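Here this note's numbering is used: the first residue of the sequence shown is 1, the next is one more, and so on. Think of the CB as a built atom: it goes at the ideal place given N, C-alpha and C, for glycine as much as any other residue. Note that the coordinates shown come from a computational prediction; the quantities given were computed from them, not determined experimentally. Okay, structure first, notes after.
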Amino acid sequence: RTTNITLEEESEMLNDVVVVGYGTQQKKLVTGATTHVTSENIEAVNAVDAFGALQSLASGMNIVMSSGQPGEGYKVTIRGMGTAGSNTPLYVVDGVPGANIEDLSPNDIESIDILKDAASSAIYGARASNGVILVTTKKGKVGRLQVSFDGYIGWQNPNTNDVTPLNAKQYMEINDLAYTIQGVATYDWATLIPKQYAQIMNGTWNGTNWLEETTIDNAPMHNASLTISGGNDQSRFALGFTKYHQTGTLGAPADPKFDRYTVRMNSDYSLIKNKGRDILKIGENITFSATDKRGVSVGGIYGNSIRNLLAMSPLLPAYNDNGELYEYADILADGWDFSAEMANPLAQMKYNNGNGYNKGWRLQTNFFLEFSPIKDLTWRTSAGWLYRHRESRSYTPVYELSAKSSNPNDDISQSQSYSIRWSLENTLNWKKSFGLHNIDALLGQSVEKWGYGNGVSVTNSNSLFPGSFDHAYIANANVVDPAYTSIGGSPESQGSLASFFGRVNYNYNETYLLSLVLRADGSSNFARGKRWGYFPSVSAGWVMTNESFMESTKSWLDFLKIRASWGQNGN
Numbered sequence: 001r002t003t004n005i006t007l008e009e010e011s012e013m014l015n016d017v018v019v020v021g022y023g024t025q026q027k028k029l030v031t032g033a034t035t036h037v038t039s040e041n042i043e044a045v046n047a048v049d050a051f052g053a054l055q056s057l058a059s060g061m062n063i064v065m066s067s068g069q070p071g072e073g074y075k076v077t078i079r080g081m082g083t084a085g086s087n088t089p090l091y092v093v094d095g096v097p098g099a100n101i102e103d104l105s106p107n108d109i110e111s112i113d114i115l116k117d118a119a120s121s122a123i124y125g126a127r128a129s130n131g132v133i134l135v136t137t138k139k140g141k142v143g144r145l146q147v148s149f150d151g152y153i154g155w156q157n158p159n160t161n162d163v164t165p166l167n168a169k170q171y172m173e174i175n176d177l178a179y180t181i182q183g184v185a186t187y188d189w190a191t192l193i194p195k196q197y198a199q200i201m202n203g204t205w206n207g208t209n210w211l212e213e214t215t216i217d218n219a220p221m222h223n224a225s226l227t228i229s230g231g232n233d234q235s236r237f238a239l240g241f242t243k244y245h246q247t248g249t250l251g252a253p254a255d256p257k258f259d260r261y262t263v264r265m266n267s268d269y270s271l272i273k274n275k276g277r278d279i280l281k282i283g284e285n286i287t288f289s290a291t292d293k294r295g296v297s298v299g300g301i302y303g304n305s306i307r308n309l310l311a312m313s314p315l316l317p318a319y320n321d322n323g324e325l326y327e328y329a330d331i332l333a334d335g336w337d338f339s340a341e342m343a344n345p346l347a348q349m350k351y352n353n354g355n356g357y358n359k360g361w362r363l364q365t366n367f368f369l370e371f372s373p374i375k376d377l378t379w380r381t382s383a384g385w386l387y388r389h390r391e392s393r394s395y396t397p398v399y400e401l402s403a404k405s406s407n408p409n410d411d412i413s414q415s416q417s418y419s420i421r422w423s424l425e426n427t428l429n430w431k432k433s434f435g436l437h438n439i440d441a442l443l444g445q446s447v448e449k450w451g452y453g454n455g456v457s458v459t460n461s462n463s464l465f466p467g468s469f470d471h472a473y474i475a476n477a478n479v480v481d482p483a484y485t486s487i488g489g490s491p492e493s494q495g496s497l498a499s500f501f502g503r504v505n506y507n508y509n510e511t512y513l514l515s516l517v518l519r520a521d522g523s524s525n526f527a528r529g530k531r532w533g534y535f536p537s538v539s540a541g542w543v544m545t546n547e548s549f550m551e552s553t554k555s556w557l558d559f560l561k562i563r564a565s566w567g568q569n570g571n
């Protein structure tokens, strides 16, 4: 049987408009290294967040999740390690720099553009050496009111087929072999773990597989997104609501989970029009997100909860005969004479991580005004404001898991912080064609300031209501004792940035392309007299398929562009 497959042409993709920083440009005319990801691409992969979608869609990007725990962040590098220290790209959402795209719902994203080389990212100057990621959220379109709903529900299970910890008998044999090789006497297992030894030898117990004990089978995840949009010649709007939940596949009995709620409102209004052209237009982009994360300890080798599970001996039971977590009292009752450091890692997770949360709220706004007094000239001013609030609370009860692992006094921890940053931008854009000559010139100014806010944290012990997370507030542990009480408070790190920038894009008959960029940034991070840096770039392109001598290749070659670029960025 023969199957014939014919691919449809997608040459119209070359006419797609991509975001290039403070403006847009046709994809075929771009002379820098950029990647454009559309909302259709993002929706097709049903990603949890924007980074999850980009993992399979953006070339030249290395995107690795910090850990497998729900709600964890990502480590993102564009074209490898850019600078010493931080390698994080600059994120710009709807024109507001310094935003966090992890809190955005993928359903709210219209497009993502990645500026990868120095020439394309030089327009962002002092912060662009690690690349720039531009996110545009969905806007309303002219037409009838549209209501769309996107939802899914799924279940996750970890792939632990390649992880096969030793069972109890294998663990004993490996220990005996190691000591025999060293010429040292082997353990007397019957004396060290009398109760468990008998169960292992008669085959009624194979030891504890800690990975299986912490696995959450069929961990649920679900997403629901509602979008309402519409508009006419005078106004357009898009309103979106998204709710996302994910339960972790590892971490029982602490049961890690992550919830995110997002509300987005974008609209614009034409106040003055003339022959179908907007003379004066205003609008706003508003996004509010709330997150709630609960999870186990991640990070370093000794504080990592999953590592502790993998390293623990299978000889230690997870639960006692009553079905309760195996603790030090059970070790003594069973006649153990083994390591004093063996502590039930499941109990450690439950007591240290099972009672607590980390919540966050983020409000990002951007209000803009566009004035076009003549056809080819547009002045745009925009004011962005970003508010972020964090809150955490935890409770650790009294426990004793081994001779060296105990918490004699219950502990309460509570913290809150908030921060504010604002930005103001003005740009003047002139687009003009003179026959086959096309010019797109931009002049701009911006100022940003951050660090309005502070944080406070308090920990204390000996709660008035021991054993209860519901009452785990500092007010219920109000006896100040230097041995147990810790109080901290500090302002947010402050800074500001003032910038002037310009760009000229020129093309002749969409065949010979040239782009010039210069940005000047003044940063408060440096001493007076040394605060300003200058970041130029130049890039050029040649669309060879527009030449007459390439006519013979049109049957098999649709588009060929050669480009070269040079630029300088800051850190």
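Item, Value
"Val-142 to Ile-112 span [Cα, whole Å]", "22 Å"
"Cross-strand partners of Tyr-91 (DSSP beta bridge)", "Ile-133"
"Any beta strand (DSSP E) of 3 or more consecutive residues that is wholly inside the stretch 540-568", "561-567"
"Every unbroken beta strand (DSSP E) within the stretch 14-97, with a cutoff of 3 residues, ordered by chain", "17-19, 24-26, 34-38, 61-65, 74-78 and 90-93"
"Cβ-based burial, Asp-233 [other Cβ within 10 Å; buried from 16]", "exposed"
"Close Cβ partners of Pro-408 (< 7 Å) along its chain, the five nearest in sequence each way excluded", "Val-398"
"Nearest-angstrom Cα separation, counted from Tyr-452 out to Gly-354", "33 Å"
"Assigned secondary structure, Ile-5 (DSSP; H/G/I helix, E/B strand, else coil)", "coil"
"Beta-ladder partner(s) of Ala-190, from DSSP", "Its beta-bridge partners do not exist; DSSP assigns none."
"Residues of its chain near Asn-218, where Cβ-Cβ distance is below 8 Å and the 5 sequence neighbours each way are ignored", "Trp-155, Gln-156 and Asn-157"
"Residues bridged to Gly-536 [DSSP beta-bridge criterion]", "The displayed chain sequence assigns Pro, not Gly, to residue 536. Beta-bridge pairing links Pro-536 to Leu-518."
"Meets three-Cβ-pair contact criterion under 8 Å: the stretch 406-421 and the stretch 382-391", "yes"
"Where Gly-570 falls: helix, strand or coil (DSSP)", "coil"
"Touch test, the stretch 98-118 against the stretch 53-61, Cβ-Cβ under 8 Å, three pairs minimum", "yes"
"Min CB distance Glu-370 to chain E below 8 Å", "Here chain E cannot be found, since the structure has a single protein chain."
"Exposure of Lys-275, with buried meaning 16 or more beta-carbon neighbours within 10 Å", "exposed"
"Where Thr-242 sits in the DSSP three-state scheme", "strand"
"Gly-85 classed as buried or exposed, judged by whether at least 16 other C-beta atoms fall within 10 angstroms", "exposed"
"Residue range of the unbroken beta strand (DSSP E) whose run includes Leu-115", "109-115"
"Contact set for Leu-63: own chain, Cβ-Cβ below 7 Å, skip 5 residues either direction", "The residue you asked about is not Leu; residue 63 is Ile in the sequence shown. Excluding sequence neighbours, Ile-63 sits near Phe-51, Leu-54, Gln-55, Tyr-74 and Val-76."
"Own chain, CB closer than 8 Å to Ser-406, minus 5 neighbours either side, in chain order", "Tyr-328, Tyr-399 and Glu-400"
"Within 8 Å, strictly: CB atoms of Gln-414 and Arg-393", "yes"
"Spatially closest choice to Ala-477 from Ser-490, Thr-249 and Val-458, by CA coordinates", "Val-458"
"Whole-Å CB distance - Ala-126 paired with Leu-497, under 8 Å assumed", "7 Å"
"Local Cβ density within 10 Å of Trp-450, reported as buried at 16 or more and exposed below that", "buried"
"Between the CA atoms of Glu-40 and Leu-325 - distance to the nearest angstrom", "48 Å"
"Cβ shell of Tyr-91 (< 6 Å), same chain only, five flanking positions each side left out", "Ala-99, Ile-101 and Ile-133"
"Buried or exposed by the 16-neighbour rule on C-beta atoms within 10 Å, applied to Ile-272", "exposed"
"Separation of Ile-374 from Phe-535, as counted between CA atoms", "31 Å"
"Opening and closing residue of the beta strand (DSSP E) in which Ser-493 lies", "Premise fails: Ser-493 is in no beta strand (DSSP E) and is neither H nor E."
"Which of helix, strand or coil DSSP assigns to Asn-476", "helix"
"Bounding residues of the alpha helix (DSSP H) (the contiguous stretch that carries Thr-180)", "168-182"
"Sufficient close CB pairs (3 or more, under 8 Å) joining the stretch 505-523 to the stretch 459-472", "no"
"Distance CB(Asn-168)-CB(Pro-314) smaller than 8 Å", "Looking at the sequence provided, one finds Ala at residue 168 rather than Asn. Cβ distance < 8 Å, so Ala-168 and Pro-314 count as in contact."
"Cβ contact check for the stretch 245-262 and the stretch 281-299: 3 or more pairs under 8 Å", "yes"
"Where the alpha helix (DSSP H) through Asn-223 begins and ends", "Per DSSP, Asn-223 belongs to no alpha helix (DSSP H); it is in the beta strand (DSSP E), 219-231."
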